[in-house]
Amino acid sequence: MSDTNWTDSQRFDSKASEWDANAVRAALGDAVARAIAAHMPVKRPENALEFGCGTGLVTLKVSPRCGRLTAVDTSEGMLGMLNEKIAAASVPNVVTHLLDLTQEGAAAHLDGNFDFVFSSMTLHHIPDTGAFLSQLNGHMSPGATLAIADLDAEDGLFHDDATEKVHHGFDRKALQSKLEQAGFENISFITAHVVEKRNREGRIAPYPVFLVTARKPKA
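Quick note: the sequence shown uses the numbering used here, first residue 468, plus one each step.
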């Protein structure tokens, strides 16, 4: 993996067609989608954003609860799979964008501010966590909700490729501090799922996945 590219779109492009066939990944998507649905705002979000949507394992389970959902990813292959699902099921309220939101000014290509923003297993691919959270805050409406699922701090063996440039999960207190610094409040963590997988050392190990929710202040 390139030292300067944490998302490595070509890597995800090559895996897109077989992505959903992984049972561990599918179970994680189901669990995260249920957790997000249980922690969505009481009022139906009218303009939601998912960053790092992939093939839509979470997208299409959350979208019925939203007015409009913009699904963003850096991988053309992943979005191609999601677009096929959208067309096959005639999903009326999901639009996709090939976009890297870590790039300065990228969010300007999206339609307005968002009242609900969510993601699953994407934040650990973003190099500057604090700066990215601040950028998200700037594109959210007052009172909007953020919901992010990702790995708790792990042993560095979760990813199969030792050269992959990612964060090895997140310490919850440290991430809460970054969220506060980015301007969020009402921050809360739950454990959404525990991934049981064979790591690079060949051991079956548990890897907890949290869901953190936060709110942008109303004023």
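Cβ coordinates follow ideal geometry from the N, Cα and C atoms, glycine included.
Sequence-distant residues of its chain with Cβ nearer than 6 Å to residue i (five each side left out)
| i | result |
| --- | --- |
| residue 672 | 666 |
| residue 523 | 549 and 552 |
| residue 619 | 636, 675 and 677 |
| residue 652 | 682 and 684 |
| residue 528 | 500 |
| residue 487 | 522 |
Burial state of residue i, where buried means 16 or more other Cβ atoms lie within 10 Å
| i | result |
| --- | --- |
| residue 661 | exposed |
| residue 540 | buried |
| residue 490 | exposed |
| residue 658 | exposed |
| residue 576 | exposed |
| residue 586 | buried |
| residue 493 | exposed |
| residue 685 | exposed |
| residue 509 | exposed |
| residue 595 | exposed |
| residue 500 | buried |
| residue 641 | exposed |
Check whether residue i and residue j have beta carbons under 8 Å apart
| i | j | result |
| --- | --- | --- |
| residue 517 | residue 538 | yes |
| residue 678 | residue 614 | yes |
Close beta carbons around residue i, own chain, < 7 Å, minus the five adjacent residues each side
| i | result |
| --- | --- |
| residue 581 | 514, 515, 516, 606, 607, 608 and 611 |
| residue 530 | 536, 558, 560 and 561 |
| residue 645 | 596, 597 and 600 |
Spatial neighbours of residue i in its chain, beta-carbon cut-off 8 Å, leaving aside the 5 residues before and after
| i | result |
| --- | --- |
| residue 649 | 597, 600, 601, 603 and 604 |
| residue 647 | 654 |
| residue 627 | 667 |
Completely contained alpha helix (DSSP H) runs for the segment 631-672, where each covers 4 or more residues
639-648
Three or more C-beta pairs below 8 Å linking the segment 620-627 and the segment 560-574
no
Quick check for students: name the residue ranges of the beta strand (DSSP E) that lie wholly in the segment 585-619, counting only runs of 3 or more.
607-618
Entirely enclosed beta strand (DSSP E) segments - the segment 496-540, minimum 3 residues
514-518 and 535-540
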